[in-house]
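For reference, the structure discussed in these notes is given below.
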Amino acid sequence: MPDTPSAPAPRPAPTAPAPLSAEDAKLVVLARGARGRVAAVEGAAVRDQDGRTYAAASVALPSLTLTALQLAVASAVAAGASRLEAAVVVTEASTLDGAGHAAVRDLAVDAPIHVAAPDGTVLGTVTQ
5 MPDTPSAPAP
15 RPAPTAPAPL
25 SAEDAKLVVL
35 ARGARGRVAA
45 VEGAAVRDQD
55 GRTYAAASVA
65 LPSLTLTALQ
75 LAVASAVAAG
85 ASRLEAAVVV
95 TEASTLDGAG
105 HAAVRDLAVD
115 APIHVAAPDG
125 TVLGTVTQ
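Residue numbers for the sequence shown follow this note's numbering, so the first one is 5 and each next one is one higher.
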């Protein structure tokens, strides 16, 4: 383990919302559902190279903190995904968390990451 803590990852700001395909709109519904079931701060969903979807909510325990996007990516990887086609995070924040962004980029440098408000309105899309 490193001796010094790493700096927090930057928070990418989404650009204007991209038109959502039906499959990306489904991710918004899944992310909203994951968030709402446990009244979490965030909900997220990802789609892998085979079209399988994974949804998750943020986790905040004394011994473990994960963003919803990190957990959705981890679930996909644990199920055998090697690439992501798209991701959605539903949050009250206006930017994408750096850790979730990094997790998606570990599997896909070009997958759109849509940022949506709790009501499902897409606020923007991160493409970098």
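For glycine and all other residues, C-beta sits at the position ideal for the given N, C-alpha and C.
Applying the 10 Å Cβ sphere with the 16-neighbour rule, what's the burial state of residue i?
i	result
residue 69	exposed
residue 95	buried
residue 86	exposed
residue 67	exposed
residue 135	Nothing can be reported for residue 135, as the shown portion of the chain is limited to 5 through 132.
residue 108	buried
Pull up the distance between the alpha-carbon of residue i and that of residue j, whole angstroms please.
i	j	result
residue 76	residue 88	11 Å
residue 30	residue 104	19 Å
residue 73	residue 24	18 Å
residue 53	residue 59	15 Å
residue 44	residue 28	21 Å
residue 65	residue 33	25 Å
residue 98	residue 119	8 Å
residue 92	residue 41	17 Å
Helix, strand or coil: how does DSSP classify residue i here?
i	result
residue 47	strand
residue 77	helix
residue 82	helix
residue 94	strand
residue 37	helix
residue 126	strand
residue 63	strand
Give me whichever residues DSSP pairs with residue i in a beta bridge.
i	result
residue 119	93 and 128
residue 71	DSSP output for residue 71 lists no bridge partner at all.
residue 88	52
residue 57	51
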